[in-house]
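**Student:** My questions will all concern the structure given below.
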Amino acid sequence: MPESGSQPQEYELTRLHGSATRNFRVRSPSHHPEYLPYATTAMLGRYIPEANPNSPRAESLLAKLSKRSTMLRIQTGLTALVAVINTVAWIWAAATHDMDARGVGTLFTGSCRDAANLNKVAHLILNGLSTLFLGAGNYCMQILAAPSRGDLNKAHAVGDWLEIGVPSLRNIRKLHRQKVILWFALGIVSILLHLVWNSTLFASMPFAIFVGTLVTSDFEWANDVWDNSTTMGAIRPNLNSTDRERVFGIRDRATNFTRLGKLSCLELYADSLKSTGDVVIVAKNLTSSQNNGSSLIQGWINGLTSDQWEYANNWVCGADSAASSRYCSLDLARSLADNWQILTWEAPHHQRAVVDYCLVSEQADNSNRCGFHFSAPALCFVCVCTLLGCLFVLLVARTQNVKSIVTIGDAITSFLESPESFAIPNEDSTENSHQVQDSFFKRVFSGTKKCRVSLRSAPWSPSPSTAWYHAVCPREWFISCTFFLVGLSAVIGCLAFALVEAAGQGIPTDLSSLWQQGLGKVNGFALIQGFVHGGLTRSGFAKQVLLTNGIQLLVSCAYMIFNGILSRQLVAHEWVRLLKTDQRKPLRVSSPRGLQRSTYMLSMPFKYSLPAITLFIALHWLVSQAVFIVQTTVYQSGGGNILVPDNNGSRIGFSAISIVLVIITVLLLFCSLLAHSVVRKYQNVPPDFPRIATCSAAISAVCHPPEGDTEAYLFPLSMGIIDPGHSSHGRTNWLIISTHIYLQEPQNGSIVVQPVESKPHQDHMPEGTRISDTEALLQSSMD
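Under the numbering used here, think of the first position of the sequence shown as 554, with each following residue one higher.
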């Protein structure tokens, strides 16, 4: 049941229990056999029916939904629903829409605003489906990585231990082969889906292929003929015969073109994503007699290589020596209006043509040419992965007949129901000689090859406050900090690359200018070159998808590390809180019974998980705005809306201001985690006590309640030692978990039998003080 809703019942139960046992100090239990010093369902169930797990009132809706079997059925249903939706969508899209050579089909063509809104809604749905599916897979992976009681018994029998309550790769190596195979299978499916899912649907921007010609000032009355025999040298050599005919044919059509001044022409053609009509540029300083008798100085087809559209407007600004290495932006183009020149590449002596005016054909409205598309290969891949994932989740639900111990509450419940057998150490014993080899990282930080945790009688030495930082071992901090710093360095490197590229093309790089460039906005100067340059082929498009989504996978890895650290600290908090005998609470378990609390989420409570998930969702979105696929839909020039699907292409774009925000968000996450780890404190516990919270052997060591307290796991309980005046079993100095009414927190300096993280240099002990082999498992390289 919810933690907040259980507090009145916990108070009432404690009050009734105290009332029933208030005379226990002065009278023998034999005088009042019905009043016991610990909680039982027979006694408290009469006052609070929910305390009895067999009572109908204990079976609340939340408790029923929290049952392991119910949750696994829900996860199976969710994955099946997502798999069916993906499969139906793929079959419908592929069967009812034409596709290009890359397997890309068009679902919608129209207003750019409508296409953008449709893309946003579609990706919200995609992210919702992926969250449901990957969340179900993550739930099952946590179940698979959690040991059963049999796994714990097996590990303890050979002096080993397993981790409880946290995501643990350590456990994977020691679990049943079937669970390991299923765990890896679900992990691989999740990774593959991360790489592809967000690229199944995407929007596009229009791009027109148009004819461009530079002509002499007398071309309107010149008598020359434009054909291969007379103008061969003035045509781009990569044009085929059909393209050449388009260039030659513009002369006859130019009589119907609209005349524009230089500034208007520059503004129209500086943005290659907005220019849609054929253009004739008239030079005022060259005549046909100066061009071997031809009025055609040069001609080209603009945008034939549509995956390189950022170069399509180079002819506009290229003749200016100061602008030759700069990106031809609208502002730069406007500055050239007074003396606009175009550099000729085939004319004699490579002259500069001074532009007089332009003649332009009919223009189309590109604002109504945007598209929304699907990738059939990506959809097919996602369908296969979701169907496999659904099968794996179903196998988890069908094969997990043995209850896994997921939370620390599950472990305490199991060990209280069936305690392991321990011998009581002598009070003067201080060491256990059993040692376990530790990892390389532990040796780096400890300076030794040995490190152990042992069950022994030792002084209780609490520290007034211990930072949450100490709940995580140095090795994990080292790995986590290294990952974050390497990742942050890579992002800073990307920002440096973006700024250098922009500065090299004459683009301002101050913060205000970067903000004006926009979040995720496409800019011709902000496109990635190299092996992912071409997006005209299926393989090229696949490379771009993997690169852009691979960065999202790194964000998910960062979340797993962040979640792992915070989960360890929270498990330690739950462990330490058991020492507060005046703040008893029922256990938080994955399958609640009676007064036990449900887990909500397996790793973290909502008050921690929701802010963390929100921040990482924001980080995912910022990354998607920082590096993204730029898809173009190619049209013929003019207003006819004639598509050229074979020339559709894609590029990878980046946004510098988005990268800046990614850096800020990563720093915020990392610094908030460090600050939380330093500021939050465990009060009045031994410094090493929080770090053993996830050790199965340490948990087992304190789960030895007094005789008769067999139902402690069902009620509010705490950890401590029993007042010597009210102990009937002689273990007055044993740290235990119990509902005993006279359980109290150990006093500073008192000798207590407790699980203790031993110091590396303490390697020997007298033979007579050695603990049993079962206890030796408590010595380990505690991480």
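Even glycine gets a Cβ: it sits at the ideal position worked out from N, Cα and C. All values derive from a computational prediction rather than experimental measurement.
Are the Cβ atoms of Asn-1194 and Asp-653 separated by less than 8 Å?
**Tutor:** Result no, Cβ atoms of Asn-1194 and Asp-653 do not sit closer than 8 Å.
**Student:** Go ahead and label Cys-923 buried or exposed: buried means 16 or more other beta carbons lie within 10 angstroms of its beta carbon, across all protein chains shown.
**Tutor:** Buried.
**Student:** Quick check on the burial criterion: 16 or more other C-beta atoms within 10 angstroms. Buried or exposed for Cys-1248?
**Tutor:** Classification for Cys-1248: buried.
**Student:** In whole angstroms, give me the CA-to-CA distance for Ser-664 and Phe-925.
**Tutor:** Cα to Cα, Ser-664 sits roughly 10 Å from Phe-925.
**Student:** Report the residue from Gln-1097, Leu-1226, Ser-1303 and Arg-1130 whose alpha carbon sits nearest the alpha carbon of Phe-1207.
**Tutor:** Answer by Cα proximity: Gln-1097.
**Student:** To the nearest angstrom, how far is it from the Cα of Leu-969 to the Cα of Leu-1288?
**Tutor:** Computed Cα separation, rounded: 14 Å.
**Student:** Using a threshold of 8 Å, state whether the C-beta atoms of Lys-827 and Val-907 are closer than that.
**Tutor:** Not a contact, by the Cβ cut-off of 8 Å.
**Student:** Secondary structure at Trp-779, three-state DSSP: helix, strand or coil?
**Tutor:** Reduced to three states, the DSSP call for Trp-779 is coil.
**Student:** In whole angstroms, what separates the C-alpha of Ser-1066 from that of Glu-820?
**Tutor:** Roughly 20 Å separates the two Cα atoms.
**Student:** Kindly indicate which three-state DSSP category Ala-654 falls into: helix, strand or coil?
**Tutor:** Coil at Ala-654, not helix or strand.
**Student:** Which residues does DSSP list as the beta-bridge partners of His-926?
**Tutor:** The partner list for His-926 (beta bridge, DSSP) reads Thr-659 and Phe-755.
**Student:** Let me know if Ala-1049 comes out buried or exposed under the rule of 16 or more other beta-carbons within 10 Å of its beta-carbon.
**Tutor:** Exposed, by the Cβ-count rule.
**Student:** Assign Asp-704 to one of two classes, buried (16 or more other C-beta atoms within 10 Å of its C-beta) or exposed (fewer than that).
**Tutor:** Flag for Asp-704 reads buried.
**Student:** Report the partner residues of Pro-1012 according to the DSSP bridge assignment.
**Tutor:** According to DSSP, Pro-1012 bridges with Ile-1304.
**Student:** Between Cys-938 and Leu-745, which are expected to be in contact by the criterion C-beta below 8 Å, what is the C-beta distance as a whole number of angstroms?
**Tutor:** About 5 Å separates the two Cβ atoms, so the contact holds.
**Student:** Identify the residues that DSSP records as bridge partners of Asn-855: which are they?
**Tutor:** Bridge partners of Asn-855: Phe-763.
**Student:** Going by the DSSP bridge assignment, what does Arg-1150 pair with across the sheet?
**Tutor:** In the DSSP output, where bridge partners are listed per residue, Arg-1150 has Arg-1141.
**Student:** If we require 4 or more residues per run, which alpha helix (DSSP H) segments fall completely within the region 1151-1196?
**Tutor:** Segments of the alpha helix (DSSP H) lying fully in the region 1151-1196: 1159-1179.
**Student:** Who are Lys-727's beta bridge partners in DSSP?
**Tutor:** DSSP output for Lys-727 lists no bridge partner at all.
**Student:** Compare the C-alpha of Leu-1140 against each of Leu-1052, Ile-1274 and Pro-1269 and name the closest.
**Tutor:** Nearest option by C-alpha distance: Pro-1269.
**Student:** Does DSSP put Thr-769 in a helix, in a strand, or in coil?
**Tutor:** Here Thr-769 sits in coil by DSSP.
**Student:** Please report the Cβ distance between Asn-724 and Leu-715, rounded to the nearest whole angstrom; I am assuming they are in contact, meaning their Cβ atoms lie under 8 Å.
**Tutor:** Indeed, because the Cβ distance is near 5 Å, the residues count as touching under 8 Å.
**Student:** I need the DSSP call for Pro-1017, collapsed to helix, strand or coil.
**Tutor:** Strand.
**Student:** Are Val-1213 and Pro-1015 close, meaning C-beta to C-beta below 8 Å?
**Tutor:** Their beta carbons are not under 8 Å apart, which means Val-1213 does not touch Pro-1015 by this criterion.
**Student:** Any idea what DSSP makes of Ile-977, helix, strand or coil?
**Tutor:** Caution is warranted here: a pLDDT of 43 is assigned to Ile-977, below 50, making its placement in the model unreliable, and the coordinate value is therefore given only provisionally. Coil.
**Student:** Going along the chain, which residues of its own chain have a beta-carbon closer than 8 Å to the beta-carbon of Asn-921, five neighbours each way excluded?
**Tutor:** Answer for Asn-921: Gly-663, Ser-664 and Cys-665, listed in chain order.
**Student:** Beta-carbon within less than 6 Å of Ala-647's beta-carbon, same chain only, minus the 5 sequence neighbours each way: which residues are those?
**Tutor:** Result list for Ala-647: Ala-929, in chain order.
**Student:** So Ile-834 is in the beta strand (DSSP E); what residue range does that whole segment cover?
**Tutor:** It spans 832-836 - the beta strand (DSSP E) in which Ile-834 sits, taken as one unbroken run.
**Student:** Where does Ser-572 sit, in a helix, a strand or coil, going by DSSP?
**Tutor:** Any reading at Ser-572 must be qualified, since the residue scores a pLDDT of 47, below 50, and its modelled position is unreliable; no value is offered.
**Student:** Would you mind sorting Ala-1056 into buried or exposed? The rule is 16 or more other CB atoms within 10 Å of its CB.
**Tutor:** Counting Cβ neighbours within 10 Å, Ala-1056 comes out exposed, since fewer than 16 surround it.
**Student:** Assign Lys-1138 to one of two classes, buried (16 or more other C-beta atoms within 10 Å of its C-beta) or exposed (fewer than that).
**Tutor:** Lys-1138 comes out buried.
**Student:** Between the C-alpha atoms of Asp-713 and Thr-966, what's the straight-line distance to the nearest angstrom?
**Tutor:** Roughly 20 Å separates the two Cα atoms.
**Student:** Provide the residue span of the alpha helix (DSSP H) that contains Asn-670, from first to last.
**Tutor:** Run containing Asn-670: 665-698, per the alpha helix (DSSP H) assignment.
**Student:** Per DSSP, what kind of secondary structure is Gln-1332 in: helix, strand or coil?
**Tutor:** In this predicted model, Gln-1332 has a pLDDT of only 41, less than 50, meaning its place in the structure is not dependable enough to derive any value.
**Student:** Rounded to the nearest angstrom, how far is the Cβ of Val-1305 from that of Ile-1274, given a contact under 8 Å?
**Tutor:** Right, their Cβ atoms sit about 6 Å apart.
**Student:** With DSSP collapsed to three states, give me the class of Gln-904.
**Tutor:** Note: Gln-904 maps to coil in three-state DSSP.
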